[in-house]
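Engineer: The sequence shown runs -24 to -1, 1 to 100 under mature numbering (1 follows the signal peptide of the UniProt record, and there is no 0).
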Amino acid sequence: MKFSSCSVATVLLALGLAAGSAAAQTTTNPFGGTAQTGTPAQAAPAPAPKKAKAPAALGSGQFASEAEAKASCPGDTVVWANLSSKVYHYSTAKTYGKTKHGAYICEKGSAAAGFRAAKKEQRP
């Protein structure tokens, strides 16, 4: 198969493989007309990183850290309350401190706030 040098040069320029300047160049298309070639298209910019959601406002008796809760309820057990389901977990549970919407609370005040203990957990 025989290729003309013009068509090979056009293909190489279109692929950005030909040596030369990075500026746009005009070449003759073997099928008629002209084509403008240059540097390959730049990649689209990366999407912006997702913003972290602000933590939900905690109610009275709810704490963002375990240390705050222990300081506020001496002599009481600190539990992790899931604010969505109104169920609290003891420190021995695998979900302690890990649910998306939760807070540390004192166990004694949990019933008044409408929380209940998880069914399959025992008090440590």
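Even glycine gets a Cβ: it sits at the ideal position worked out from N, Cα and C.
Can you name the start and end residues of the alpha helix (DSSP H) that residue 85 belongs to?
Structural biologist: For the purposes of this step, residue 85 is taken as the residue at position 109 of the sequence shown. Residues 83 to 86.
Engineer: Just reading off the alpha helix (DSSP H) that residue 43 is part of, what are its end residues?
Structural biologist: Within the sequence shown, numbered from 1, the residue matching residue 43 stands at position 67. Residues 42 to 48.
Engineer: Taking the beta strand (DSSP E) that residue 65 belongs to, which residues open and close that run?
Structural biologist: Along the sequence shown, read from residue 1 onward, the residue named residue 65 stands at position 89. Residue 65 -> beta strand (DSSP E) spans 63 to 65.
Engineer: Quick one: grab the DSSP three-state call for residue 35.
Structural biologist: For the purposes of this step, residue 35 is taken as the residue at position 59 of the sequence shown. Note: residue 35 maps to coil in three-state DSSP.
Engineer: Given a threshold of 16 other Cβ atoms within 10 Å of its Cβ, counted over all protein chains shown, does residue 60 qualify as buried or as exposed?
Structural biologist: Reading the sequence shown from its first residue, position 84 is the one you call residue 60. Exposed: under 16 other Cβ atoms inside 10 Å.
Engineer: Below 8 Å between beta carbons: does that hold for residue 81 and residue 64?
Structural biologist: Numbered from its first residue, the sequence shown carries residue 81 at position 105. Numbered from its first residue, the sequence shown carries residue 64 at position 88. Closer than 8 Å, so yes.
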